[in-house]
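Taken in order, these protein sequences are the chains called B and F. Our numbering puts the first residue of the first sequence at 1, with every later residue one more than the last. Our numbering puts the first residue of the second sequence at 601, with every later residue one more than the last. I have placed the structure first, in the form of structure tokens, so that the comments after it can refer back to it.
There are 2 protein chains.
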Amino acid sequence: MRQKALTLAVAALTWGVLGSAGANQKLIEMSKKDTNWVMPTKDYSATHYSRLAQINTENVKNLQVAWTFSTGVLNGHEGGPLVVNGTMYIHTPFPNIVYALDLDDPSKIKWEYKPKQNPAARAVACCDVVNRGVAYAPAEGRHPAKIFLGQLDGHLVALNAETGEEIWKMEACDIRVGATITQAPFVVKDKVLVGCSGAELGVRGYVTAFNIHDGKMEWRAFATGPDKDIRLSPKFNEKTPQYGRFGLGLKTWEGDAWKIGGGTNWGWYAYDPALDLIYYGSGNPAPWNETMRPGDNKWTMTIWARDPDDGMALFGYQKTPHDEWDYAGVNWMVLTEQKINGKKTKLLTHPDRNGIIYTLNRETGELIRADKLDETVNWVKYVDLKTGQPVRDPEYATRMDHQSKNICPSAMGYHNQGVDSYDPEKELFFLGLNHICMDWEPFMLPYRAGQFFVGATLNMYPGPKGVMGFVRAYDAKTGQFKWSVPEKFSVWGGTLATKGNLVFYGTLDGWIKALDSRNGKLLWKFKLPSGVIGHPITYEHNGKQYVAIYYGVGGWPGVGLVFDLKDPSAGLGAVGAFKELARYTKMGGGVMVFALPDET
Amino acid sequence: MRQKALTLAVAALTWGVLGSAGANQKLIEMSKKDTNWVMPTKDYSATHYSRLAQINTENVKNLQVAWTFSTGVLNGHEGGPLVVNGTMYIHTPFPNIVYALDLDDPSKIKWEYKPKQNPAARAVACCDVVNRGVAYAPAEGRHPAKIFLGQLDGHLVALNAETGEEIWKMEACDIRVGATITQAPFVVKDKVLVGCSGAELGVRGYVTAFNIHDGKMEWRAFATGPDKDIRLSPKFNEKTPQYGRFGLGLKTWEGDAWKIGGGTNWGWYAYDPALDLIYYGSGNPAPWNETMRPGDNKWTMTIWARDPDDGMALFGYQKTPHDEWDYAGVNWMVLTEQKINGKKTKLLTHPDRNGIIYTLNRETGELIRADKLDETVNWVKYVDLKTGQPVRDPEYATRMDHQSKNICPSAMGYHNQGVDSYDPEKELFFLGLNHICMDWEPFMLPYRAGQFFVGATLNMYPGPKGVMGFVRAYDAKTGQFKWSVPEKFSVWGGTLATKGNLVFYGTLDGWIKALDSRNGKLLWKFKLPSGVIGHPITYEHNGKQYVAIYYGVGGWPGVGLVFDLKDPSAGLGAVGAFKELARYTKMGGGVMVFALPDET
């Protein structure tokens, strides 16, 4: 890692005038301006926190709709819009249209881009045809500012941010094997990173880095297979050898199973510019049926720290070795600095789908805390902080010779793809949670490229507390929840925290709500046209603070609505859990923007 | 007509306790309560006017979104919701779902009805798959209150208004010949009336009356053919013999052309309980190519006055004999009482697609006024009030041997399907107008059942005034326009007038606007998620006034957006006229409800 300064300087010279380093610095600066929301996670630390406080606990009750925009697409709208220099960039699920609206007059479309795609992509998307967002890269010398869009059919496309014109287009994922893009790309330095979805079809997961200017592939790092493919640095897990080091991407699999072994990543990235490390999670092993893939199945379900320049991994921590429940480990990772044992420490906190919220030292990978998101988590008794190993309860294992019932959390996890928030002043994480459990019946099936490769029938239902979701304020220093607010349905999309002591979030049944972030008190709510599976954002424009959110129910929890499914075990079990949802909301996609009235 | 009192009393006895007459009276009373909006036109006079004034010219600027509901359907949303006894009934385009929402808690769906339909209906709908609304009939003895829905596939269905359960279902229109239902049914006495769409496929038009309780067909009145089919009373046009009387449904056609001659009705009804007459219009003759159907083509393009009990016609006035421009005559008809020559007179006013606004004596059918909606109307020089005949300009005829350019209005008319409003205090009509002209190229084609039968290629474009629409206040006593407000796009959906001195309307590019009805001054506007082709309504609930409107661009003006058409002559010419529309709005269907903030 430490030799990199020189390499970087040389690379920069070839771009002229400190090229990519300068652009990266610009992006960091833009992410700190509250007129912008330049990346889905708000900033490289993924705090999803805004220092705007014009809207606060006193006046939030007066919030009203400022303007709206229907995207013309009905499927589930995950993610959120970007706001850059007075332009809002709105993305849609398949067909993955991008709209640019000038915030000075959002009633007219500045530009729109509708990709030509292979419609076959629709058939291999596991759970609706969602997309989690676009990425922005600032202008750099003769290179215009760009918007990056991942298409469901596996192509990554770079658009001119001013005009919407296509600059380059590259295949990142191969839909012939069922690999699609649903992830928001991530810009770091002169690269744009994107992973594939498709572990439900036996896709072998990887992340690819492309040069932002010309789309040249720079590196690709797999989750499984030979160390070379996984791109393990010689220092890999040097500080944390208990996590395992070399050769395990092959050795923890039977035969060639790693080739169809999943570990895709379709969640969120974070980046520490000082350490020059990116962080993200690889997902569940394939197939879901654990009997078909003995071993730890490394490095699925892993928190990765990699060098963005060459993709080499400094550490990897596998949270759920040999997953038996589809606890895909791709969730939000947030970088904070907090005092641990009296010492300011660089941390990474990650509420995992498996029901555990992990906090690591992000310089070394050492595990610091691992708390249950809810005491009803039952597949694991506790996580051994020394070894990093979950200590399991065999009662909730899903092996073929065992009837497995009332497993908590369900395959959806107690936390899924939502982007949550961290308030650095309060040192609190605001978590949108699922509270759904399941029965699990495995079955054997052959692998066929491009076909679903799951091997389990699920029955999902509300968890034992009579609701399907919560919003909770978590303190990583103590492991305590400061407050907890129940929600009828899962809080799927995540939360937004502001300096106005507010936490905003959307609900599956279509409310946007604002809580007092100090105590969880509900201060305001508004019924949107359709349910929410994305995350709210906030920005200032012409001196006024706005809150924006996508409506558009769908995704995995809304799959019953999207495809009009009735069988409770359909939609990988989601239909049973969310059978009530259709009584509260219908499909419909768009963005809704709120502000205080001018008089207030 | 005058013998009817006895007949009615006898009929009533068979229902017990003055059955249908009582129900009709109840509906009239409900239509007068401003907590309700029991029929699309607000009342039997079709005034589309509310006496509510809580929202007025002073405070309308504070209007804000109270709640919203996405219907889950993207196609164009014509018409508007009904509000009856605290329940809102929302309809959608195909697949023609009906939602009932309890206004005490509209965040949960009270019931929903999604019909099973023949999907073939989609292919024969001329211009998107719109539906203009549902009808309500109050409870009557052992018969529950009902909601009537016309399905695109030609079936009329009666639902229990409380539960959404299907009570009966009848075929009203035969989709095998291309006949669909897009019209809002109309309840009068113990009958529900509905017509068919499909003149663009050579459908022979008629209206059918069904018994509201059991769906039994009571009568059917055609627009063309033998007098018996057309149901001409012996007194037909007795007072207005200059309009023609008997035998003309055959004699004004060549051979059997009347059998495929159009004259469908898919617009709006009005009813005068004192005269016991219903009023509606029959539409354009088929095919559009006039050379293929010599003669006056009676009784297409006709304002009808019929007895609702037996369907017999008292008078019929053909506005556009031998139509050459698709000026379908189905538009809004509004019943007023105004002083004509110093004498209070029962009037019918009708802004026709042909660019003329007609006022008749609705007792006798006599024509009183016929004014141009805009001085740029050029196919006709004037209407002879004595004969009722339009005096044409042959330059704008569309015969095969003549190049016809710059015809105003276009086939869309200067007024189309919008429900407009009449303020009885100001005695003003508030008209939403199109301002689109066209070139027309006819061609010959054979008739094939269930196939499009048009025979003309159209090029439509904005009219000479640089805008595509207006809202105008018209005084039928003087023929003057009190004020006129230009709109970038056609005002397709119609207007709502209130005692608060306001006129509300939606625009194709997605604004809802409120004007001062005294002078046309813009007082408030709000950008909806998608463009508007329906009409606003207003109601009071728990002491608070609300304004509701459908958003959901589509229909004929939005056909380019709906089907992603690019060829300017596509969509029967609509694509050329509305090529700009896609820069302003996208599809998306729902209802948006506005109110004043609680503080105001």
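From the three backbone atoms N, C-alpha and C, an ideal C-beta is built for every residue, glycine too.
(Q) Under DSSP, the beta strand (DSSP E) around B:Gly560 begins and ends at which residues? (A) Careful: B:Gly560 lies outside any beta strand (DSSP E), inside the alpha helix (DSSP H) at Val559 to Phe563.
(Q) Would you say F:Gln1145 lies against chain B (beta-carbon separation less than 8 Å)? (A) Chain B contact via Cβ: absent.
Q.
Using a Cβ-Cβ cutoff of 9 Å, what residues of the stretch 1110-1129 of chain F are near chain B? List them in chain order.
A. Flagged, chain order: Gly1110, Trp1111, Phe1126, Lys1127, Leu1128 and Pro1129.
Q | Host beta strand (DSSP E) of F:Val788 (start-end) | A | F:Val788 -> beta strand (DSSP E) spans Phe786 to Val788.
Q | Three or more C-beta pairs below 8 Å linking the stretch 622-640 of chain F and the stretch 567-579 of chain B | A | Cβ pair count under 8 Å is below three, so no.
Q: Taking only beta carbons into account, state which residues of the stretch 1175-1186 of chain F come closer than 7 Å to chain B, listed in chain order.
A: If the cut-off is 7 Å between Cβ atoms, the stretch 1175-1186 of chain F has Arg1183, Tyr1184 and Lys1186 near chain B.
Q: Kindly indicate which three-state DSSP category F:Lys769 falls into: helix, strand or coil?
A: Three-state DSSP puts F:Lys769 in a strand.
Q) Candidates F:Gly1190, F:Pro706, F:Gln783 and F:Pro873: which alpha carbon is nearest F:Gln1017's? A) Looking at the Cα atoms, F:Gln783 is the closest of the given residues.
Q. Relative to chain F, which residues along the stretch 70-89 of chain B have a C-beta separation below 9 Å, given in chain order?
A. Result list: Ser70, Thr71, Gly72, Val73 and Leu74.
Q) If contact means a Cβ-Cβ distance below 7 Å, which residues of the stretch 700-727 of chain F contact chain B? A) Only Ser707, Lys708 and Ile709 from the stretch 700-727 of chain F bring a Cβ to less than 7 Å from some Cβ of chain B.
Q | Proximal residues of chain F, C-beta to C-beta of B:Trp67 below 7 Å | A | In chain order: Lys1127.
Q. Counting Cβ pairs closer than 8 Å, one from the stretch 284-298 of chain B and one from the stretch 247-257 of chain B, do we hit at least three?
A. Touching, per the Cβ criterion.
Q) Counting Cβ pairs closer than 8 Å, one from the stretch 1024-1037 of chain F and one from the stretch 982-990 of chain F, do we hit at least three? A) By the Cβ rule, the stretch 1024-1037 of chain F does not count as touching the stretch 982-990 of chain F, because fewer than three pairs are nearer than 8 Å.
Q: Tell me, please, whether the CB atom of F:Trp615 is closer than 8 Å to any CB atom in chain B?
A: Bear in mind that a pLDDT of 42 at F:Trp615, under 50, signals an unreliable position, so the number given afterwards is only what the model happens to contain. Judged by the 8 Å Cβ criterion, F:Trp615 is not in contact with chain B.
(Q) Buried or exposed for F:Leu985, going by 16 or more other Cβ atoms inside 10 Å? (A) Per the 10 Å Cβ criterion, exposed.
Q: With DSSP collapsed to three states, give me the class of B:Leu348.
A: The three-state reading of DSSP puts B:Leu348 in strand, counting E and B together.
Q: For B:Gly590, decide whether its Cβ has a neighbour in chain F, counting only Cβ atoms nearer than 8 Å.
A: At a cut-off of 8 Å between beta-carbon atoms, B:Gly590 makes contact with chain F.
Q | Sequence-distant residues of its chain with Cβ nearer than 6 Å to B:Val503 (five each side left out) | A | Contacts found: Phe430, Thr495, Ala497, Leu515 and Ser517.
Q) What first and last residue would you give for the beta strand (DSSP E) that runs through B:Lys146? A) Counting along the chain, the beta strand (DSSP E) containing B:Lys146 begins and ends at Lys146 to Gly150.
Q. When the cut-off is 8 Å and only beta carbons count, does F:Gln664 lie next to chain B?
A. For F:Gln664, the answer is yes, since a Cβ of chain B falls inside 8 Å of its Cβ.
Q) Would you call the CB atoms of B:Ile278 and B:Val188 closer than 8 Å? A) Their beta carbons are under 8 Å apart, which means B:Ile278 touches B:Val188 by this criterion.
**Q.** For B:Lys527, three-class secondary structure by DSSP
**A.** B:Lys527: strand per DSSP, three-state reduction.
Q | Beta bridge counterpart(s) of B:Met460 as assigned by DSSP | A | Bridge partners of B:Met460: B:Met438.
Q | Residues near F:Asn553 by beta carbon distance below 6 Å, same chain, minus five either side | A | Within the shown structure, residues of chain F are numbered from 601 to 1200, placing residue 553 of chain F beyond reach of any answer.
Q: Please confirm whether F:Thr976 and F:Arg969 have their CB atoms less than 8 Å apart.
A: Contact check for F:Thr976 against F:Arg969 fails: the beta carbons are separated by 8 Å or more.
Q. Applying the criterion that 16 or more other CB atoms from any shown protein chain within 10 Å of the CB defines a buried residue, is B:Phe594 buried or exposed?
A. When all chains shown are included, B:Phe594 counts as buried.
Q | Which of helix, strand or coil DSSP assigns to F:Gln1145 | A | In the three-state reduction of the DSSP assignment, F:Gln1145 falls in the strand class, which pools E and B.
Q | Exposed unless 16 or more other CB atoms sit within 10 angstroms - verdict on F:Leu1122 | A | Burial call: exposed.
**Q.** F:Trp637 vs F:Tyr1139 beta-carbon contact at 8 Å
**A.** Using a Cβ distance threshold of 8 Å, F:Trp637 and F:Tyr1139 count as a contacting pair.
Q. What is the DSSP secondary structure of B:Lys579, counted as helix, strand or coil?
A. B:Lys579: coil per DSSP, three-state reduction.
Q. According to the neighbour-count rule (16 or more other Cβ atoms, all chains shown, within 10 Å of its Cβ), is B:His48 buried or exposed?
A. Label assigned to B:His48: buried.
Q.
Whole angstroms are fine: how far does the CA of B:Leu193 sit from the CA of B:Ile181?
A. For B:Ile181 and B:Leu193, the distance between alpha carbons rounds to 12 Å.
Q. Residues in its own chain within less than 7 Å of B:Ile109 by CB, not counting five upstream and five downstream?
A. Cβ neighbours of B:Ile109 beyond the five flanking positions: Tyr99 and Leu101.
**Q.** Distance, B:Gly178 Cα to F:Tyr1014 Cα
**A.** Distance between the alpha carbons of F:Tyr1014 and B:Gly178: 52 Å.
Q | Reduced DSSP category for B:Met30 - H, G, I as helix; E, B as strand; rest coil | A | In the three-state DSSP reduction, B:Met30 falls in the helix class (H, G or I).
Q.
Assuming B:Ile604 is part of the alpha helix (DSSP H), what are its boundary residues?
A. Residue 604 of chain B is absent from the model: chain B starts at 1 and stops at 600.
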